[in-house]
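Numbering (the working numbering), first residue to last: 14 to 316. Single-structure report; data block below.
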């Protein structure tokens with residue numbers, strides 16, 4: 014059924030839209046990660062080069078204390094910039110993402126967003142790594158790679174993901190903990206999902222990642238999560254596929270509470286990433302991906 018599964022062909026076809034988005038947004042990756050764009054890498058470099066004796070004016074934060082203790086003389090670590098930067102794409106593929114009432118499932122929209130930024134990263138000559146969580150006991154990890162071969166692996170992984178009857182699942186906090194071990198200092202990290210599994214453990218991991226790299230988020234939602242229609246009865250589940258009852262959408266108080274709950278959740282996600290100095294975008298399954306949401310939020314007027 015169209016819109017319920019990720020199409021590899023669709024992800025390849027997003028190349029043109031990615032290029033248009035980059036032009037219209039004045040550099041989409043730079044707009045999403047402004048801190049990384051102002052200084053291509055964090056101040057103390059990325060890759061270790063060598064150790065040399067301390068010289069007047071060296072930053073005390075980059076002293077090599079082990080060598081200093083062993084030799085009895087202060088030594089400084091030297092670094093050099095990586096030739097390639099890495100963008101890590103972290104996607105939620107949990108049961109709640111395999112839902113949608115307009116155009117496509119939230120998971121499909123998340124994969125499209127990931128593909129757009131994978132294309133943009135490839136155009137800049139940088140690398141992409143992928144980490145998918147929520148659909149199985151373990152996270153799916155695609156090590157950082159570049160070029161069309163890297164894109165092919167990325168798109169193939171996204172197309173293979175489907176809901177599984179697996180409990181417990183690798184959740185958001187688990188995935189972010191895994192990312193801490195994978196991402197090098199200075200990496201760009203784009204977290205894509207509905208953030209319904211956001212908890213204190215996940216927030217602690219995000220705080221750590223923000224100190225050592227550049228974070229951004231894309232929150233994916235369905236219009237039905239945003240607001241209930243004015244009439245009708247809708248079956249709901251408990252999140253595990255079990256029938257839990259009917260929603261009476263004709264109840265004004267229920268519609269008001271429903272809308273308020275969505276706004277509070279969206280505000281919580283935006284506020285959290287803002288505290289980390291990171292941008293967060295919102296993308297709906299009912300939106301035209303390029304022409305509306307991302308362009309409006311990443312364009313010069315939105316800066």
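The C-beta atom is built at its ideal place from N, Cα and C for all residues, glycine as well.
> Could you check where the alpha helix (DSSP H) with residue 213 kicks off and where it finishes?
Replying inline: Your numbering for residue 213 matches position 200 in the chain shown. Residue 213 -> alpha helix (DSSP H) spans 213–225.
>> If distances are taken between C-alpha atoms only, which option among 307, 297, 265, 239 comes closest to residue 320?
In response: This structure gives no information on residue 320, because the portion of the chain shown stretches from 14 to 316.
>> According to DSSP, is residue 43 part of a helix, a strand, or is it coil?
In response: Sequence index remark: in the chain shown, residue 43 carries index 30 (1-based). Three-state DSSP puts residue 43 in a helix.
>> In whole angstroms, give me the CA-to-CA distance for residue 75 and residue 258.
In response: For the purposes of this step, residue 75 is identified with residue 62 of the chain shown, where counting begins at 1. For the purposes of this step, residue 258 is identified with residue 245 of the chain shown, where counting begins at 1. Answer to the nearest angstrom: the Cα atoms are 59 Å apart.
> Is residue 294 helix, strand or coil by DSSP?
Replying inline: What you label residue 294 is simply residue 281 of the chain shown in a count that begins at 1. The answer is strand: DSSP assigns residue 294 an E or B state.
>> Which residue wins for smallest C-alpha separation from residue 15, given the options 136, 91, 114, 126?
In response: Residue 15 sits at position 2 when you count from the first residue of the chain shown. Measuring from the Cα of residue 15, the nearest candidate turns out to be 114.
>> Short of 7 Å in beta carbon distance, which residues of its chain neighbour residue 225, apart from the five on each side in sequence? Order them along the chain.
In response: Numbered from 1 along the chain shown, position 212 holds the residue referred to as residue 225. Result list for residue 225: 198, in chain order.
> Taking contact to mean at least 3 C-beta pairs separated by less than 8 Å, is the segment 104–120 in contact with the segment 197–211?
Replying inline: yes
> Do residue 218 and residue 190 come within 8 Å of each other at the CB atom, strictly closer than that value?
Replying inline: Locating residue 190 in the chain shown gives position 177, counting from the first residue. Locating residue 218 in the chain shown gives position 205, counting from the first residue. For residue 190 and residue 218, yes; Cβs fall inside 8 Å.
> Do you know whose CA, among 187, 220, 170, 228, lies nearest residue 210's CA?
Replying inline: The residue labelled residue 210 in the question sits at position 197 within the chain shown. Minimum Cα distance to residue 210 is reached at 187.
> On the three-state DSSP scale, how would you describe residue 109?
Replying inline: Mapped onto the chain shown, residue 109 falls at position 96. If DSSP states are grouped into helix, strand and coil, residue 109 belongs with the helices.
> So, are the CB atoms of residue 19 and residue 133 less than 8 Å apart?
Replying inline: Within the chain shown, residue 19 is the residue found at index 6, counting from 1. Within the chain shown, residue 133 is the residue found at index 120, counting from 1. Cβ atoms of residue 19 and residue 133: not closer than 8 Å.
> So residue 298 and residue 166 are in contact, right, with Cβ under 8 Å, and what is the actual spacing, rounded?
Replying inline: Your numbering for residue 298 matches position 285 in the chain shown. Your numbering for residue 166 matches position 153 in the chain shown. Going by Cβ atoms, the distance from residue 298 to residue 166 rounds to 26 Å, so no, they are not a contact pair.
>> Ignoring anything shorter than 3 residues, give me the beta strand (DSSP E) runs that lie fully in the segment 115–195, in order along the chain.
In response: 140–146, 153–158
> Between the Cα of residue 308 and the Cα atoms of 21, 33, 28, 27, which residue gives the shortest distance?
Replying inline: As a first step, residue 308 must be located in the chain shown, where it is residue number 295. Answer by Cα proximity: 33.
> In whole angstroms, what separates the C-alpha of residue 35 from that of residue 83?
Replying inline: If you number the chain shown from 1, residue 35 lands on position 22. If you number the chain shown from 1, residue 83 lands on position 70. Their backbone Cα atoms lie some 50 Å apart in a straight line.
> Where do the N-terminal and C-terminal ends of the alpha helix (DSSP H) with residue 237 fall, by residue?
Replying inline: Walking along the chain shown from the start, residue 237 turns up at place 224. Taken as a continuous stretch (DSSP letters only), the alpha helix (DSSP H) holding residue 237 covers 236–239.
> What span of residues does the beta strand (DSSP E) with residue 201 cover, start to end?
Replying inline: To locate residue 201, count along the chain shown from 1; it is residue 188. Residues 201–206.
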